[in-house]
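As they're listed, the protein sequences go chains A and B. Take the position in the first sequence, starting the count at 1, then add 353; the result is the number in my numbering. Take the position in the second sequence, starting the count at 1, then add 56; the result is the number in my numbering. Shown next, in structure tokens, is the structure this report addresses.
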Amino acid sequence: MIRAQTLALTASLVLAVTGPLRAQELGTAAADSLVLRALDLEDSKPRDAAVLYRRALSGTGMIPALLGLERVYTNLGMIDSLLPLVRSAIRAEPRSGVVRSVQLRTLSALQRDDELTAAVRDWVRAVPGEAAPFKEYARLLLESGRSAAADSVLTVASRMVRDPRDFSAELAQVAAAQRMWHEASRRWRETLTHTPQLYQAAIFALSLATGVARDSVRTNLLAEPTWLPARRVLASLELIWSQPRQAWLAFSGVTADADAVAAWKEFAEEADARSMPVASRDAWAAIYRKTGEATSALRAADAALASGEAATALQLASAAQATLSPQLGLRDAVPLRLRSLAAMGRAAAALALVDSVRPKVVPIQLQLLERELMWAWLRVGDAARARPLVVRLDEDEATALLAIYDGDLDKARAALRNADASNTLLLSPRALLSRTTLPMSPTIGAAFTALARRDTAAALTQLMNTAPDVGDAAPLVLAMAARLLTASGNDARAVPLWTRIVTEYSTSPEAPEGDLEWARAALRARDGGTAIARLEHLLLTYPTSALAPQARRELESARRMAGTS
Amino acid sequence: MGRWFRAMAFLLIAAAPLAAQHLLVPMDDAQRNHLKAYGLTYSALQRTEKAEWLLNFRGGAFLLLDTPATRRRAGIDGVSVIPTDAGALAAIRTEMAGGNFDAVPLERAPKVAIYSPPSANPWDDAVTIALDYAGIPYTKVWDPEVIAGDLSKYEWLHLHHEDFTGQYNKFYISYRGSPWFINQVNRTVAQAKQLGFSNVPALKKAVAEKMRLYVENGGFLFAMCGATETLELAIAGANVDISSGFADGTPMDADADQKMEWSRAFAVQNAHLEPSPLINSMSDIDGHQVNVPGRRRALGTFSLFAFSAKLDPVPTMLTQNHRSVLSDYYGVTTSFTKSTLKPGTRVLAYEDGMPLAKYIHGSYGKGAWTFLGGHDPEDPQHEVGAAPTDLSLYPSSPGYRLILNNVLFPAAQKKPRKT
Chain A
354 MIRAQTLALT ASLVLAVTGP LRAQELGTAA ADSLVLRALD LEDSKPRDAA VLYRRALSGT
414 GMIPALLGLE RVYTNLGMID SLLPLVRSAI RAEPRSGVVR SVQLRTLSAL QRDDELTAAV
474 RDWVRAVPGE AAPFKEYARL LLESGRSAAA DSVLTVASRM VRDPRDFSAE LAQVAAAQRM
534 WHEASRRWRE TLTHTPQLYQ AAIFALSLAT GVARDSVRTN LLAEPTWLPA RRVLASLELI
594 WSQPRQAWLA FSGVTADADA VAAWKEFAEE ADARSMPVAS RDAWAAIYRK TGEATSALRA
654 ADAALASGEA ATALQLASAA QATLSPQLGL RDAVPLRLRS LAAMGRAAAA LALVDSVRPK
714 VVPIQLQLLE RELMWAWLRV GDAARARPLV VRLDEDEATA LLAIYDGDLD KARAALRNAD
774 ASNTLLLSPR ALLSRTTLPM SPTIGAAFTA LARRDTAAAL TQLMNTAPDV GDAAPLVLAM
834 AARLLTASGN DARAVPLWTR IVTEYSTSPE APEGDLEWAR AALRARDGGT AIARLEHLLL
894 TYPTSALAPQ ARRELESARR MAGTS
Chain B
57 MGRWFRAMAF LLIAAAPLAA QHLLVPMDDA QRNHLKAYGL TYSALQRTEK AEWLLNFRGG
117 AFLLLDTPAT RRRAGIDGVS VIPTDAGALA AIRTEMAGGN FDAVPLERAP KVAIYSPPSA
177 NPWDDAVTIA LDYAGIPYTK VWDPEVIAGD LSKYEWLHLH HEDFTGQYNK FYISYRGSPW
237 FINQVNRTVA QAKQLGFSNV PALKKAVAEK MRLYVENGGF LFAMCGATET LELAIAGANV
297 DISSGFADGT PMDADADQKM EWSRAFAVQN AHLEPSPLIN SMSDIDGHQV NVPGRRRALG
357 TFSLFAFSAK LDPVPTMLTQ NHRSVLSDYY GVTTSFTKST LKPGTRVLAY EDGMPLAKYI
417 HGSYGKGAWT FLGGHDPEDP QHEVGAAPTD LSLYPSSPGY RLILNNVLFP AAQKKPRKT
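Written as structure tokens, this is what we have:
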């Protein structure tokens, strides 16, 4: 037994001694093969992967093997085993930044601060005048939240290296980590002048600025002379900060050259990805003006439509069609023009457009155009013209809306069961139908038809007539009427309705809104006392209402107006 | 008779909890609006309702009487309150008896004065912002009122950004051409003459002396930002020219450092004045020197000390918070170099990893003072002209809580320190 153990020990020693010798003899192909096999085993058999990486630690395989060992040992909780291997690697390649970085990361992970600083010093001695050791050290300090220490390292290092600008990005990162946003944005601007490719890093770092600190960032990035990379960073920041209108303005004053157009395109794509059509519209429109590209005009039109500017969309889509081939124009521009006309309530013009292209399009295209035309008629409340199209195209949303116009509430309910819930035209009908069991109501149909036709006076009359008949939905109907009156500036008629909602239907979902709108009307009439009373009533009666935070803010304003605290 | 008496006694005891309902105002993370909770407590004291500050319990909770007025205000302000009956309160008191907790009775709403010029800009004062947001009333006082002796009408005096050396925070260096600065200088010079002083430094020294006497006679003084450092300099330098030529027409006394009478000061001793009129620093009291690029220290974090609630109730009150480590923020004076602090100065918060204190406190005569470095806890790099902080965006700001702790501290029934 003892003999067997001795043999095993001897054999393992021989293997251990000969292992490195064999590794040293590995050629490039063999080393690569070992690394590839180890990579495959990293997740499933990390210990086996470690054995292979160790065998590959020679010649050309050293760097990938060392990095592989760093990953494997970290996952196995054996990162300290890496240190002797790193020391050997440094003896072989004392100027290798990768090897030195592995050593620093390892010591940092083990929290051996004294050894870490000694390792940094050793690296600095090996590569005098170079910035890499300081940059890596500062990065590790920043990652561990020691931004003040990173700042000190970089400040000292700036005096020791050949080109202090090497640290500009790191200094900017440090300033951002310390929430010194004025300093951070100033330094990022400087950094971008010689390394514009770092703009994504700048965006990430500066995006964390909050509140008034953002104004400091804006000031620095907008400063003269106008510098495209800085403006590009600010434009993205404004998108991240949900300021789409400000975002495009960041490019103001930039010379419209090829670089600018490339930056605009990147920005426009980003705005689209973030669903910020206002910014996207401005960018694509500028690109179109500069390049004349029809595709840009179409993208701009699409964004304009999404941002609620149908007239602009129509103009851009028409301009695009003029430069496109007839076929492409029919395919890409005409549907946009049609949607724009529908959104503007110009159903007759939409019909004329469809008629003008009817002979030139294939049936499937015609069906798509007629669908837009159907919605154009429905949007303007023209049930008669919409009906044949609704019947032919058989869409649940359209069927439901038409049934509402007809006052056939049961039919509308049935159609809404399968309808797309995101259709904004159906929001009010859905809310009403969920709170009344009436099967038929011509008055409700007339009210919604009048609303669609933008006939405010008729809509008001019908809504007021409907209210007594709709049971639980009465406050909803009154609120619809009150909103119309408030929107038209008629507080004298709106306030009695809001009052009625608050007093007669105090447990309805519309009651908090009633209090808030009543208060706002009082503020407009410079009646701070009433406004305070209504807002306090809202906060005390409906403390969990989504309107409570807004009511608190408006209460502060009301108190300032009334001169109380 | 005996049976009847016992029955009545039982009824009275059973009915007592119904008449003694309380509202617990938690100040830990369960609280939705920490800053307005101070206003809620202050308003209860204004109505002469008794209140208690439960030190270290749930972030420094308040215990208020359950009255319609308190419930109403809590609802309007969005302050979280927990109705607490006698049983629940007994459980709280039992828990508090066994740990580092204490209940401090709050007896009256202190009368608050803020030393602020009539034309103060909105970016000038974090305390005004805090009190306005919390709904705590205050009176503004300025040089004429202080010189006339009006401070004795108030229990709490707050100073913020004022330069009591009369050098306008040395903004002369950077802002001498700015209209707001020119107006400020003109106004202050005219004020000094009107009050019978030959120059602004002389006026400000006289104001500082009134404030020193106010504390000595039992007042509570809370100062932030540049007011902390310059008040100390003005008091210790009462009999020496510590101002540069642009402020009083004569250069600083070359031996000013040696002539300072630090025994008169509240917190500091053996500090060194900055002799150059062109360096935007007053002395080496401030550890961060934000306006001197070569000396400026980076911002980090500062940590609140934990005190024994039962043995040291005053520092415990001043450090009640739902966070113990806070992000730092600059001011004309950001921090206090520990080597310049007097031995009796209590450090309430220290700058992590640096030999600096952020928040200090001490007694002086019959009164007490507290200094907090920095300008605006939610605007780390506060700049002249920046928009005032909107506290509705920071209703649970731990930094602003430190300011409001000082407002309620004078409301507490005084207890001598036991350590």
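All C-beta atoms in this analysis are idealised placements derived from N, C-alpha and C, irrespective of residue type, glycine included. Being a predicted model, the structure only gives us computed values, none of them experimental.
- Across the set A:Ile717, A:Arg458, A:Leu460 and A:Gly482, the C-alpha of A:Gly482 shows the shortest separation from the C-alpha of Arg448 of chain A.
- Contact holds between the region 725–739 of chain A and the region 801–811 of chain A, because three or more Cβ pairs, one in each stretch, are under 8 Å apart.
- Interface flag for Asp446 of chain B against chain A is set, since a Cβ pair is found closer than 9 Å.
- Between the region 241–258 of chain B and the region 282–289 of chain B there are fewer than three C-beta pairs closer than 8 Å, too few to call the two in contact.
- Residues of the region 552–580 of chain A with a C-beta atom less than 8 Å from some C-beta of chain B are Gly564, Val565, Ala566, Asp568 and Ser569, listed in chain order.
- Within chain A, Leu893 have C-beta atoms less than 7 Å from the C-beta of Arg128 of chain B, given in sequence order.
- Within chain B, no residue has its CB atom less than 9 Å from the CB of Met914 of chain A, the nearest being about 15 Å off.
- Here Ala292 of chain B is near Val324 of chain B, since their CB atoms are less than 9 Å apart.
- Not flagged as an interface residue toward chain B: Leu590 of chain A, since no C-beta distance is shorter than 9 Å.
- Sequence-distant Cβ neighbours of Trp728 of chain A in its own chain, meaning closer than 6 Å and more than five residues away, are Ala695.
- For Glu288 of chain B, the enclosing alpha helix (DSSP H) starts and ends at Cys281 to Ala292.
- In the displayed model, Glu646 of chain A falls within coil according to three-state DSSP, outside both helix and strand.
- The beta carbon of Val346 of chain B is closer than 7 Å to those of Arg352, Tyr386 and Thr390 in its chain, skipping five residues each way along the sequence.
- The three-state secondary structure of Ile416 of chain B, taken from DSSP, is strand.
- Within the DSSP bridge table, the entry for Glu725 of chain A names no partner.
- By DSSP's assignment, His78 of chain B forms a beta bridge with B:Leu121 and B:Thr140.
- Listed by position along chain A, the residues whose Cβ is nearer than 8 Å to that of Ser383 of chain B are Arg532.
- Near chain B, meaning a CB-to-CB distance below 8 Å, no residue of the region 867–881 of chain A qualifies.
- DSSP lists B:His417 as the bridge partner or partners of Arg402 of chain B.
- With fewer than 16 neighbouring CB atoms inside 10 Å of its own CB, Asn295 of chain B falls in the exposed class.
- Under the three-state reduction of DSSP output, Met793 of chain A falls in the strand class.
- Inter-residue distance for Ala847 of chain A and Val586 of chain A is about 47 Å (C-alpha atoms, whole angstroms).
- Its Cα nearest to that of Ser497 of chain A, the residue A:Gln464 stands out among A:Gln464, A:Val514 and A:Arg724.
- The C-alpha of Arg114 of chain B is placed about 9 Å away from the C-alpha of Ala86 of chain B.
- For Pro436 of chain B, the chain A residues whose C-beta falls within less than 9 Å of its own C-beta are Gln531, Arg532, Met533, Trp534 and Ala566, listed in chain order.
- For Ala279 of chain B, no CB of chain A lies under 9 Å from its own CB, so it is not counted at the interface with that chain.
- Put simply, of A:Asp747, A:Met833 and A:Leu754 the residue whose alpha carbon is nearest the alpha carbon of Pro862 of chain A is A:Met833.
- Here Ala186 of chain B is not near Leu449 of chain B, since their CB atoms are 9 Å or more apart.
- Rounded to the nearest whole angstrom, the CA to CA distance from Ile556 of chain A to Thr644 of chain A is 27 Å.
- Around Ser500 of chain A, the beta-carbon contacts reaching into chain B at under 8 Å are Ala354 and Gly356.
- Residues of the region 120–153 of chain B with a Cβ closer than 8 Å to any Cβ of chain A, in chain order: Arg128, Gly131, Ile132, Asp133 and Gly134.
- Using a CB distance cut-off of 9 Å, Ala443 of chain B counts as an interface residue toward chain A.
- Between Phe278 of chain B and His214 of chain B, the C-beta spacing is below 9 Å.
- One Cα belongs to Ala904 of chain A, the other to Leu891 of chain A, and the distance between them is close to 8 Å.
- Membership of Asp773 of chain A in any beta strand (DSSP E) is not indicated, and neither H nor E is assigned to it by DSSP.
- Excluding sequence positions up to five before and after Arg567 of chain A, its CB lies within less than 7 Å of the CB of Trp594, all in the same chain and listed in chain order.
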